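When you read off a place in the sequence shown, starting at 1, and then add 94, the result is the number in this note's numbering. We put the beta carbon where it would ideally sit given N, CA and C, even for glycine. These numbers were taken from a predicted model, which means no experiment stands behind them. Everything on this sheet refers to the single structure shown next.
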Amino acid sequence: RYCPNPPWPCASLRYASTATATDLPNHRPLPSITHQSRHSEWRCTPEEPYHQPRMSPNNTDNSNTSSTGKEDESRTTILAPGIVESRNYNATNKSQISSEIQAFISGTDGNGATLSFQSEFRTFFTIWMFITRLPSPSWIDLHPGFLMRGMSYFPIVGSVLGAMYAIVFDCLRISVGLPATVAAAVAISFGLNITGCFHEDGLADSADGMGGGWSKSQVLKIMTDSRVGTYGCAALSIFLFAKLQLLGSLGTSQWKLDFYNGGSLGAGPAVLVAQTLSRLSAPYLIRTRDYIPEAGPKSPFYAFMIEAKHLVSWSRVLFAAVYCFGLSAMLYGQVFATVLILSVLVLAHLAGNKGDYILGGVMGDFLGGTICICEILVLILIVGRDSIVETYQVAVDTISSLDGSERFSNFLQKMVALYSSDRLRPLCHFLFLMVALKTWCNFVGPPDMYNREDGKDKNANEEKKD
């Protein structure tokens, strides 16, 4: 926020901001301007360009400005310059909880983070503010602690967004009579506008970094670059085209709520479930992986999240998973809901392994990219559900058709029997290709990611000596 005559900085900054007057471009002194917040006065003068009362972390004013002698409270949380930047960078063990995190969890820092309706309300709308462009209550600020603890509400916000997209699709498809693909295109555009391409930005940045980076430092540098490269453009194009075709192939929505058997069909239920389940990957990855420090303009804010796994407890991850299962079972039945959730968790786990190998953990852009991939996975499973079940049944029948002497024969004989099926032969080709590529990369591929980083540092030191 700025004073009435920009670029003068207003002292009423949100919690996440760490800027001072000297940090802002084109700073110049202006006449004395007084700002009145709820209970405290802020004064900006040419001699003292950025003045703020001494504030404690719990939003209270330590200066005795009240005639009653009580501590005044401000609407926003103000920290001294350098406090946010210093968070957790000196931590040697990420399993240890800093005093700041402990105070936040226990609620002793004055932010009201203890388990209560008001606290959970603030947590939910912090997530709402974070991943959508829609307004939140005016007293909600983007506190990183509430943001990380609110990861368990990611699927719920996804359900709200998915319901919006389904309403737009059904209106255009049923009421207006547009083709399913056109209705899907408009619904996708509507969603991109609501979220501001939030997760899609992470997908593009992750594709650029992991596709163009040779070492860990290069990957992180590319991911924090605001420009989009070839890999990012390709990933975004494939993601949007695949999503458009999948939703268009599902056709008109047919809603049927049955917790045991499901029965819903069409693009509406599919986009609702996909938007919900894909966001289950975020709390799971934050809980199970390390959150790495980020470079660039967002680094001071995200520094608080290095110990984020302590804010995203297993009980909150379980809450998110149970919610996802309940919603999916109401639309598609318990069996298929279980398959969808397990598939998302398996893909999230594999993505976490990849993040550990390349980045040393996870970060915001990587989480957004994983959500996009999980969304496509859920839509693929919904679209190909009948074909997948049929393929599985053919494989079972093929193995069961072998007589007693062959059923327990060696692995090669079973593979020959499966390969003889026209339905299973393309699947065998695909699996063989994946095994061959993995084997080739392991034995002939480039050095390990961290060996590359060590070699780069070694060469740099040698060049300095020369």
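- Per DSSP, the bridge partner or partners of Leu359: Gln348
- Item | Rounded Cβ spacing between Gly454 and Ile386 (contact assumed at less than 8 Å) | 5 Å
- Item | DSSP three-state assignment for Val276, whether helix, strand or coil | helix
- Message: Could you tell me the alpha carbon to alpha carbon distance between Ser180 and Met457, rounded to whole angstroms?
- Response: Confidence at Ser180 is low in this model, with a pLDDT of 48, below 50, so the placement of that residue should be treated as unreliable; the coordinate-derived value is given next. Answer to the nearest angstrom: the Cα atoms are 18 Å apart.
- Determine the direct distance from the alpha carbon of Gln428 to that of Gln348, and round the result to whole angstroms. 18 Å
- Message: To the nearest angstrom, how far is the alpha carbon of Phe284 from that of Ile435?
- Response: When only Cα atoms are considered, Phe284 and Ile435 end up about 26 Å apart.
- Three or more C-beta pairs closer than 8 Å, one from the stretch 462-479 and one from the stretch 291-302: is that the case here? Two segments are said to touch when three or more pairs of C-beta atoms, one from each, lie closer than 8 Å; by this definition the stretch 462-479 touches the stretch 291-302.
- Query: DSSP on Tyr385, reduced to helix/strand/coil?
  - Reply: In the structure shown, Tyr385 sits in a strand (DSSP, three-state: E or B).
- Message: I need the straight-line Cα distance from Ile452 to Leu344, nearest angstrom please.
- Response: 36 Å
- Out of curiosity, what's the CA-to-CA distance linking Thr492 and Leu471? 27 Å
- Sequence-distant residues of the same chain with beta carbon closer than 8 Å to Val411, five excluded per side: Same-chain partners within the cutoff: Ser246, Pro377, Tyr378, Arg381.
- Taking only the alpha-carbon atoms, compute the straight-line gap between Ser331 and Ser210 and give it to the nearest angstrom. Distance between the alpha carbons of Ser331 and Ser210 is about 43 Å.
- Message: What residue range does the alpha helix (DSSP H) around Phe417 cover?
- Response: Before going further, note that residue 417 is Tyr rather than Phe in the sequence given. Here the alpha helix (DSSP H) through Tyr417 covers 408-426.
- Item | Val270 in three-state terms, based on DSSP | coil
- Query: Quick one: is Gly296 buried, meaning 16 or more other Cβ sit within 10 Å of its Cβ, or exposed?
  - Reply: buried
- Task: Leaving aside the five residues before and after Pro520 along the sequence, list all residues of the same chain whose C-beta is less than 7 Å from its C-beta, in chain order.
- Result: none
- Between the CA atoms of Leu425 and Thr220 - distance to the nearest angstrom: In a straight line, the C-alpha of Thr220 is about 28 Å away from that of Leu425.
- Is DSSP giving Glu165 helix, strand or coil here? Since pLDDT at Glu165 reaches only 43, below the 50 mark, its modelled position is unreliable, and no value is offered.
- Separation of Gly244 from Ser150, as counted between CA atoms: At Ser150 the pLDDT is 39, less than 50, meaning the model places this residue with poor confidence; the figure from the coordinates comes in the next sentence. Roughly 24 Å separates the two Cα atoms.
- Task: Report the rounded CA-to-CA distance for Thr217 versus Ala445, giving the unit in angstroms.
- Result: So the two alpha carbons sit approximately 26 Å from each other.
- At what residues does the alpha helix (DSSP H) containing Arg519 begin and finish? Element bounds for Arg519: 519-538.
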